[in-house]
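**Student:**
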Amino acid sequence: MELLRGALRTYAWGSRTAIAEFTERPVPAAHPEAELWFGAHPGDPAWLETDNGEITLLEALVEDPEGQLGPASRARFGDVLPFLVKVLAADEPLSLQAHPSAAQAAEGYMREERVGIPLTSPVRNYRDTSHKPELLVALHPFEALAGFRQASRTVELLRALAVSDLDPYIDLLNDQSDADGLRALFTTWITAPQPDIDVLVTAVLDGAIAYLSSGATEFAAEAKTVLELGERYPGDAGVLAALLLNRITLAPG
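Sequential numbering of the sequence shown, starting at 0, is according to numbering that gives the first Met the number 0.
1. Can you give the beta carbon distance from glutamate 111 to asparagine 124, rounded, assuming they're within the 8 Å contact cut?
2. Mapping DSSP to helix, strand and coil, what is valine 254?
3. To the nearest angstrom, report how far apart alanine 6 and aspartate 43 are at their CA atoms.
4. Contact check, glycine 229 vs leucine 160 under 8 Å by CB: the rounded distance?
5. Give every residue of the same chain whose Cβ lies closer than 6 Å to the Cβ of phenylalanine 141, excluding the five residues on either side of it in the sequence, and list them in chain order.
6. Taking the continuous beta strand (DSSP E) assigned at alanine 143, which residues delimit it?
7. Which same chain residues, not among the five before or five after alanine 222, have their C-beta less than 6 Å away from its C-beta?
8. Shortest alpha-carbon distance to valine 84 belongs to which of Pro121, Glu65, Asn51, Gly38?
9. Distance check for proline 167 and leucine 199, CA to CA, integer angstroms please.
10. Got a sec, what are the start and stop residues for the beta strand (DSSP E) asparagine 51 sits in?
11. Can you name, in chain order, every residue of its own chain whose Cβ lies under 6 Å from the Cβ of proline 27, other than the five neighbours on each side?
12. Grouping DSSP H, G and I as helix and E and B as strand, with all else coil, what is valine 84?
13. Pull up the distance between the alpha-carbon of isoleucine 169 and that of serine 94, whole angstroms please.
14. So, using beta-carbon positions, are isoleucine 18 and alanine 145 closer together than 8 Å?
15. Starting from threonine 186, follow the alpha helix (DSSP H) in both directions and report where the run begins and ends.
16. Rounded C-beta distance between arginine 8 and glutamate 48? I'm assuming under 8 Å.
17. Using a beta-carbon distance below 8 Å, is serine 120 in contact with chain B?
18. Sorted by chain position, which residues of the same chain lie with C-beta nearer than 6 Å to proline 70's C-beta, five sequence neighbours on each side aside?
19. Report buried or exposed for histidine 40, applying the criterion of at least 16 other Cβ atoms within 10 angstroms of its Cβ.
20. Would glycine 180 be called buried (16 or more neighbouring beta carbons within 10 Å of its own) or exposed?
21. CA-CA distance, glutamine 67 and leucine 60?
22. Check the DSSP bridge columns for threonine 153 and list the partner residues they point to.
23. Does the beta-carbon of glycine 237 have 16 or more other beta-carbons within 10 angstroms, so that it is buried, or is it exposed?
24. List the residues that DSSP assigns as beta-bridge partners of tryptophan 256.
25. Taking the C-alpha atoms as reference points, what is the distance between glutamate 133 and serine 213?
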């Protein structure tokens, strides 16, 4: 048995304590630590401590794919590790994330390869061919926004905020109360001119404050989430997008 050491990723939204405590290192860390990767991703593979020194897990797979992966995995996925385990530590809300289908991921990767966008470029969208289906297991209580809420329920939320600037969007969802309607509204908000977003976000935040001040409780969690996001990211269209998403709480395990 060999010790596997994860690859540490630092992002501004990370924690200075969670991963340091998890790996039994001094707290606080010098920088926010967001992710600890245990896998063979070319961008940041984990490390194996062997009798002959340290090598990356990626190198170990290349040297001995049969021994590392086994025949069943190789037959189904080839000579690559078919998953990437990440320990995440978020001290701030993460940006919106959307994953492509398998076909979109493969096509997008090859397109960016053809035009020569470096894998490390900040404008690179597809750094590999994986479509990245995800499974999240909470180690601590965890709150998230995931997936579009049912359109009729979102209409109730928007009406409860009593913001007249939201009326055209309520009408949109009433007229098209399905996934296409939600997609159209989401696209409208994230592509709107910044001055329009500034006005609408301000009005929504005022509506959330008024809703909570009234003592109403049905959408209190959603209103608090909007206020938190608006405080951290003023003028961001993601504040509006949060109104469309399911709010979930995960317990450890």
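Even for Gly, the Cβ is constructed at its ideal location relative to N, Cα and C.
This structure is a prediction, so every number in the text was calculated from the model and none was measured.
**Tutor:** Straight from the coordinates:
1. Looking up residue 111 in the sequence shown gives position 112. Looking up residue 124 in the sequence shown gives position 125. In this structure glutamate 111 is in contact with asparagine 124, their Cβ atoms being roughly 7 Å apart against a cut-off of 8 Å.
2. The shown model of the chain, from 0 to 252, leaves out residue 254, and the question about it has no answer.
3. Start at 1 with the first residue of the sequence shown, and residue 6 comes out as number 7. Start at 1 with the first residue of the sequence shown, and residue 43 comes out as number 44. The straight-line gap from Cα to Cα measures roughly 6 Å.
4. Sequence index remark: in the sequence shown, residue 229 carries index 230 (1-based). Sequence index remark: in the sequence shown, residue 160 carries index 161 (1-based). With 8 Å as the limit, glycine 229 and leucine 160 do not qualify as a contact, their Cβ atoms being about 13 Å apart.
5. The residue labelled residue 141 in the question sits at position 142 within the sequence shown. Closer than 6 Å at Cβ, skipping near neighbours: Leu249.
6. Working through the sequence shown from its first residue, we reach residue 143 at position 144. From DSSP, the beta strand (DSSP E) with alanine 143 extends over 141–147.
7. By one-based count along the sequence shown, residue 222 stands at place 223. Cβ neighbours of alanine 222 beyond the five flanking positions: Ala207, Tyr210, Leu211.
8. The residue given as residue 84 occupies position 85 in the sequence shown. It is Gly38 whose Cα lies nearest to the Cα of valine 84.
9. The residue labelled residue 199 in the question sits at position 200 within the sequence shown. The residue labelled residue 167 in the question sits at position 168 within the sequence shown. Taking the straight line from one Cα to the other gives about 12 Å.
10. For this step, residue 51 is matched to residue 52 along the sequence shown. From DSSP, asparagine 51 is part of no beta strand (DSSP E); its letter is neither H nor E.
11. Start at 1 with the first residue of the sequence shown, and residue 27 comes out as number 28. If we look at proline 27 and ignore the five residues flanking it on each side, its Cβ neighbours are Arg15, Thr16.
12. Against the sequence shown, residue 84 aligns to sequence position 85. Here valine 84 sits in strand by DSSP.
13. Here residue 169 is taken as the residue at index 170 of the sequence shown, counted from 1. Here residue 94 is taken as the residue at index 95 of the sequence shown, counted from 1. Isoleucine 169 and serine 94: Cα-Cα distance of roughly 25 Å.
14. Position 19 of the sequence shown, counted from the first residue, corresponds to residue 18. Position 146 of the sequence shown, counted from the first residue, corresponds to residue 145. Not in contact: isoleucine 18 and alanine 145 (Cβ atoms no closer than 8 Å).
15. For the purposes of this step, residue 186 is taken as the residue at position 187 of the sequence shown. Unbroken alpha helix (DSSP H) run through threonine 186: 178–189.
16. Within the sequence shown, the letter at position 9 stands for residue 8. Within the sequence shown, the letter at position 49 stands for residue 48. 20 Å between Cβ atoms; not a contact.
17. The question asks about chain B, but that chain is absent: this structure has only one protein chain.
18. Indexing the sequence shown from 1 puts residue 70 at position 71. The answer is none, since no qualifying residue turns up.
19. Translated into positions along the sequence shown, residue 40 becomes position 41. The Cβ neighbour count for histidine 40, taken over all protein chains shown within 10 Å, is at least 16; the residue is labelled buried.
20. Residue 180 sits at position 181 when you count from the first residue of the sequence shown. Answer is buried; the Cβ neighbour count reaches 16.
21. Walking along the sequence shown from the start, residue 67 turns up at place 68. Walking along the sequence shown from the start, residue 60 turns up at place 61. Rounded to the nearest angstrom, the gap between the Cα atoms of glutamine 67 and leucine 60 is 6 Å.
22. Sequence index remark: in the sequence shown, residue 153 carries index 154 (1-based). DSSP lists no partner for threonine 153.
23. As a first step, residue 237 must be located in the sequence shown, where it is residue number 238. Buried, because 16 or more other Cβ atoms sit within 10 Å of the Cβ of glycine 237.
24. Because residue 256 is not part of the residues shown, which for the chain are 0 to 252, the question remains open.
25. If you number the sequence shown from 1, residue 133 lands on position 134. If you number the sequence shown from 1, residue 213 lands on position 214. Whole-angstrom Cα-Cα distance: 39 Å.
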